[in-house]
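Numbering (the UniProt record's numbering), first residue to last: 1 to 493.
Beneath this line is the structure, given in structure tokens, with notes to follow.
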Amino acid sequence: MSNTSQPGLPPPASLPGNPAASKAPPAAGPASAGKLSDSARAAIVIALCVAVVWLVGRATGAPGGLVLAAALVASTVCCWALGALPEPATTLLFFLCAVVLHVAPAPVVFSGFASTAWWLMFGGAVTGVALRQTGLAQRLAAIIFRGRVGSYRQVIGTVAVSAVGLAFLTPSTTGRVLLLMPIVLALADRLGFAPGSNGRIGMVLTVAAASYMPPTTILPANIPNSVLLGAASSLYGVNLSYGSYLLLHFPILGLLKTVILVWLVCRLFPERGPIAALPREQASAPSRQEKLLAVILVLAVAGFATDTLHGVSPAWISLAACIVCLLPGVGLVSSRMLAEQVHLTPLIYVAGFLGLGAVVESTGLGTAISTALLRWLPLAPGHTAANVAALGAVGASLGLMTTLPGLPAVLTPLAKQLAQATGLSLEAVLMLQVPVFSTVFFPYQSPPIVIAMQLGGVGLRDGTRMCLALAALTLLVLLPLDYFWWRSLGYLP
């Protein structure tokens, strides 16, 4: 993930309620679109990937079709990880090469667009627009922060709880960031936290981390678990339950991690000065649109929570809420809003991740990789702790080479072989991906974290400090607790 602005995302000044609007930077033009040398560097990265894969393929005697698939997958993953090209360009190039070079049939390459994960993301993006446009977001913020800004720790705690709580309402991480960031920046201004101050940096990084990391434990709340949901269903017919997923992951990696995040932000970015008191404002009555959207969201959340009873995927519940918002006469999201504010970049990104996983599976590349892993990894039935640690290490290593949202697309096709090698259940191996993609070592691994940092004006150095410190605490404290929690629930022998 590069440190440049995300294509298709509005600059901070274009977000509703952003106090920086009066100081907006100039609109992006040709000069900000990158240089020709960037494309040359991308070509070098791709050429190196192809050369390495060709040499390995020749040394191992792999079939030509498998080498071609491996070269395409390696080039795509490296371009995503290194930011050699903008994410949409990398993803579209993957689609083009996969089809033109006959790496896989077109229905396989473009299968991401037909997946539940893609439609879940789309529905979440539309409801995020409705939240911003109706003013319900601002009203919720006023309710949430009223009387909760007595101390800096209280401010950070309230921001974290708001970000995690919003994950139960909207399944788009980017949507939550776009919704919360202008509210938090406005609050920072009212509290007297100037740009570059510890208080402002802490609030921005709390939004960034709490919008992505704890919500990985809430099934329809972000891209990685949505990709896992779709891939597990399409590849193995395993339907992950909202309730069991929440019970397994949320207590340790969701709730406890949020508490540790608040403590860590207050330690890394302390703000010891006085906090300005917020003026009391007379709240207006909720509008018809706000009431209607609140009802829609409550019904959608109820549908998410009871999916094991009615059998309807969260994706189709999210799509139904999206359709209601778009209906003429309802007036929540107009066609113009849909065209201007539902960004294509993350949607193309999701389709690319899912398509990559489908190509890995259909070409047999997944089987080849799993065979190599089984040969080198110390996996054996009966050694549960060692098996869990080995699988986690492999996932973390892959996660450093790519962005975390794409990790399930790479690991899920290998789950069946890994389950046989470890003696663990298929569902346990699938679920073991969650501790991996919920642990962020560097900001580039999570596009929403980078987006939040860009919108909040926080540098990569501060974001890296927070990610590394939180990852260290996760490895030393949370993951051992998580292991024993899994055993107490019977997921691990």
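Every residue, glycine too, gets a C-beta built ideally from N, C-alpha and C.
In angstroms with no decimal places, state the Cα-to-Cα distance between GLY451 and PRO286.
On the sequence shown, position 451 is the one that residue 451 refers to. On the sequence shown, position 286 is the one that residue 286 refers to. Position check: residue 451 holds Ile in this sequence, whereas Gly was assumed. One Cα belongs to ILE451, the other to PRO286, and the distance between them is close to 31 Å.
Cα-Cα separation between PRO378 and ALA415, rounded to whole angstroms
Numbered from 1 along the sequence shown, position 378 holds the residue referred to as residue 378. Numbered from 1 along the sequence shown, position 415 holds the residue referred to as residue 415. Going by the C-alpha atoms only, they are around 16 Å apart.
In three-state DSSP terms, what is ARG487?
Here residue 487 corresponds to residue number 487 of the sequence shown, with the count starting at 1. Three-state DSSP puts ARG487 in a helix.
Under the rule that 16 or more other beta-carbon atoms within 10 Å means buried, what is HIS310, buried or exposed?
If you number the sequence shown from 1, residue 310 lands on position 310. HIS310 comes out exposed.
Taking buried to mean at least 16 other C-beta atoms within 10 Å of its own C-beta, is PRO30 buried or exposed?
Here residue 30 is taken as the residue at index 30 of the sequence shown, counted from 1. Caution is warranted here: a pLDDT of 45 is assigned to PRO30, below 50, making its placement in the model unreliable, and the coordinate value is therefore given only provisionally. Exposed: under 16 other Cβ atoms inside 10 Å.
Backbone secondary structure at MET181 - three-state DSSP:
The sequence position of residue 181 within the sequence shown is 181, counting from 1. Helix.
Rounded distance between the beta-carbons of VAL67 and TRP54, thought under 8 Å
Against the sequence shown, residue 54 aligns to sequence position 54. Against the sequence shown, residue 67 aligns to sequence position 67. Right, their Cβ atoms sit about 6 Å apart.
Identify the continuous alpha helix (DSSP H) that holds LYS35 and give its terminal residues.
In the sequence shown, the residue the question calls residue 35 occupies position 35. Careful: LYS35 lies outside any alpha helix (DSSP H) and carries neither H nor E.
What do you get for PRO63, buried or exposed, if any count of 16 or more other CB atoms within 10 angstroms of its CB means buried?
Taking the first residue of the sequence shown as 1, we reach residue 63 at position 63. Exposed: under 16 other Cβ atoms inside 10 Å.
Where ASN387 falls: helix, strand or coil (DSSP):
In the sequence shown, the residue the question calls residue 387 occupies position 387. Helix, per DSSP.
Return the chain-ordered ranges of every alpha helix (DSSP H) run that is complete within the segment 246-272 and spans a minimum of 4 residues.
257-268
On the criterion of 16 or more Cβ atoms from any shown chain inside 10 Å, does HIS249 qualify as buried, or is it exposed?
Along the sequence shown, one-based indexing puts residue 249 at 249. Counting Cβ neighbours within 10 Å, HIS249 comes out buried, since at least 16 surround it.
Whose C-beta lies closer than 8 Å to the C-beta of ILE156 among residues of the same chain, with five residues either side of it excluded?
Here residue 156 corresponds to residue number 156 of the sequence shown, with the count starting at 1. GLY202, MET203, THR206, VAL262, VAL265 and CYS266, listed in sequence order.
Residue from GLY112, VAL350 and ALA390 whose Cα sits closest to the Cα of VAL436:
The residue labelled residue 436 in the question sits at position 436 within the sequence shown. Checked all of GLY112, VAL350 and ALA390; the closest Cα to VAL436 is ALA390.
From ARG190 to ARG146, what does the alpha carbon distance come to, in whole angstroms?
Within the sequence shown, residue 190 is the residue found at index 190, counting from 1. Within the sequence shown, residue 146 is the residue found at index 146, counting from 1. About 13 Å.
Consult DSSP for VAL330 and reduce its assignment to one of helix, strand or coil.
The residue given as residue 330 occupies position 330 in the sequence shown. Three-state DSSP puts VAL330 in coil, outside helix and strand.
Put HIS343 into one of helix, strand or coil per three-state DSSP.
By 1-based counting over the sequence shown, the position of residue 343 is 343. Look at HIS343 here: in three-state DSSP terms it is coil, with no helix or strand label.
In or out: ILE317 buried (at least 16 other Cβ within 10 Å) or exposed?
One-based indexing of the sequence shown puts residue 317 at position 317. By the neighbour-count rule (16 or more Cβ atoms within 10 Å), ILE317 is buried.
Say whether the segment 414-431 touches the segment 109-124, bearing in mind that this needs 3 or more beta-carbon pairs closer than 8 Å, one atom from each stretch.
no
Run of the alpha helix (DSSP H) containing LEU476, from where it starts to where it stops:
Here residue 476 refers to the residue found at position 476 when the sequence shown is read from its first residue. Careful: LEU476 lies outside any alpha helix (DSSP H) and carries neither H nor E.
According to DSSP, simplified to helix, strand and coil, what is ALA419?
Stepping through the sequence shown from its first residue, residue 419 is reached at position 419. Reduced to three states, the DSSP call for ALA419 is helix.
Use the C-beta contact count for GLY230: other C-beta atoms within 10 angstroms, 16 or more gives buried, fewer gives exposed.
Here residue 230 corresponds to residue number 230 of the sequence shown, with the count starting at 1. Buried: at least 16 other Cβ atoms inside 10 Å.
In whole angstroms, what is the alpha-carbon distance linking residue 503 and THR345?
Examination of residue 503 is not possible in this model, given that the chain is present from 1 through 493 alone.
Residue of GLY243, LEU228 and SER244 minimising C-alpha distance to GLY237
Position 237 of the sequence shown holds residue 237. Considering only alpha carbons, the answer is LEU228.
Which residue marks the beginning of the alpha helix (DSSP H) containing ILE218, and which one marks its end?
Here residue 218 refers to the residue found at position 218 of the sequence shown. Looking at the DSSP string, ILE218 is not in any alpha helix (DSSP H), and its letter there is neither H nor E.
By how many angstroms is the C-alpha of VAL301 removed from the C-alpha of GLN133?
Against the sequence shown, residue 133 aligns to sequence position 133. Against the sequence shown, residue 301 aligns to sequence position 301. Cα to Cα, GLN133 sits roughly 20 Å from VAL301.
Please list, in chain order, all residues of the same chain as GLY57 whose beta carbon is under 6 Å from its beta carbon, the five residues on each side excluded.
Position 57 of the sequence shown holds residue 57. Excluding sequence neighbours, GLY57 sits near VAL67.
Taking the beta carbon of THR60 as the centre, do at least 16 other beta carbons fall within 10 Å, making it buried, or is it exposed?
Within the sequence shown, numbered from 1, the residue matching residue 60 stands at position 60. Exposed is the call here.
Under 8 Å between C-beta atoms of LEU131 and LEU185:
To locate residue 131, count along the sequence shown from 1; it is residue 131. To locate residue 185, count along the sequence shown from 1; it is residue 185. Their beta carbons are not under 8 Å apart, which means LEU131 does not touch LEU185 by this criterion.
Can you confirm whether the segment 242-256 touches the segment 212-221 when touching is taken to mean that 3 or more C-beta pairs between the two stretches lie within less than 8 Å?
yes
Pull up the distance between the alpha-carbon of VAL434 and that of ASN225, whole angstroms please.
Here residue 434 corresponds to residue number 434 of the sequence shown, with the count starting at 1. Here residue 225 corresponds to residue number 225 of the sequence shown, with the count starting at 1. If I take the Cα positions, the gap works out to 7 Å.
Just to check my reading of the structure: THR258 and VAL164 have Cβ atoms closer than 8 Å, yes? What is that Cβ distance to the nearest angstrom?
Within the sequence shown, numbered from 1, the residue matching residue 258 stands at position 258. Within the sequence shown, numbered from 1, the residue matching residue 164 stands at position 164. So it is a contact: roughly 6 Å between Cβ atoms.
MET337 to ASP462 span [Cα, whole Å]
If you number the sequence shown from 1, residue 337 lands on position 337. If you number the sequence shown from 1, residue 462 lands on position 462. The alpha-carbon atoms of MET337 and ASP462 are separated by roughly 34 Å.
Using a Cβ-Cβ cutoff of less than 8 Å, which residues in the same chain neighbour TYR212 once the five nearest sequence positions on both sides are dropped?
Residue numbering aside, residue 212 sits at position 212 when the sequence shown is read from its first letter. Hits under 8 Å: THR173, ASN222, VAL440, SER446, PRO448 and ILE449.
Distance between beta carbons of ILE296 and ALA321, contact taken as under 8 Å:
Translated into positions along the sequence shown, residue 321 becomes position 321. Translated into positions along the sequence shown, residue 296 becomes position 296. With a Cβ gap of about 5 Å, ALA321 and ILE296 count as contacting.
Relative to the alpha-carbon of LEU398, which residue among MET181, ALA386, LEU411 and VAL129 has its alpha-carbon at the smallest distance?
In the sequence shown, counting from the first residue as 1, residue 398 sits at position 398. For LEU398, the nearest C-alpha among the options comes from LEU411.
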